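All residue numbers for the sequence shown refer to this note's numbering, where the first residue is -7 and numbers rise by one. Glycine residues also receive a C-beta, built at the ideal position from the N, C-alpha and C atoms. Note that the structure is a prediction, hence the values are computed from the model and not measured. One structure is given below, encoded as structure tokens.
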Amino acid sequence: MELKFTVGGRMSKPVEDVFEAVVNPDHLSRFFTTGGAKGRIASGSEVTWDFHDFPGAFPVLVQEVIANEKIVLQWEADGNIDTWTTVTMAFRSLEDGRTHVQISEYGWPDTDDGLKSCLGNCEGWTGMLCAMKAWLEHGINLRDGFYR
């Protein structure tokens, strides 16, 4: 069985604002990468993300960026797994001015550790979408103090 997932949600902001919240490290650090993000997400770049709940900055390889439409990243799977997963973020402007964000990830081995890592990342990306909505729409950082 291929281990993969897709999560999504709607943000009450234009697609340009939502996309910028992800690619801009200063914005991303306010609601997701609580330990800080370094480097703007751009095709072919390597950025660094750090989280208070998973201390220790780690590399994120940016494979593809299409402004206001798509970001494709690769990063090392969590746990005792020697593999990298692929994350695709799709941004779609809706007729009512909101933005739909869809995040998919795949690439884990079909093992108990792979399943655990896959489910953990599904939880993490769902949390990221919730935190992004709260920050973009209300200026609230949901992750502040949530994990520690």
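| query | result |
| --- | --- |
| Quick one: grab the DSSP three-state call for Met81. | strand |
| Where does Glu8 fall in DSSP's three states? | helix |
| Within its chain, find whatever has a CB closer than 8 Å to the CB of Val57; leave out the 5 residues flanking it on each side and keep chain order. | Val15, Ile33, Ala34, Ser35, Ile63, Val64 |
| Check for me: the alpha helix (DSSP H) holding Thr118 runs from which residue to which? | 104 to 130 |
| Around the C-beta of Glu97, are 16 or more other C-beta atoms found within 10 angstroms, so that it is buried, or is it exposed? | buried |
| Ordered along the chain, which non-local residues of its own chain (more than five positions away) have a Cβ less than 8 Å from that of Glu115? | none |
| Going straight from the alpha carbon of Trp67 to that of Asp42, what length do you get? | 12 Å |
| Whose CA, out of Val7, Thr78, Gln55, Ala123, lies closest to the CA of Phe(-3)? | Thr78 |
| Rounded to whole angstroms, what's the CA-CA distance from Gly48 to Phe23? Just pull it up for me. | 18 Å |
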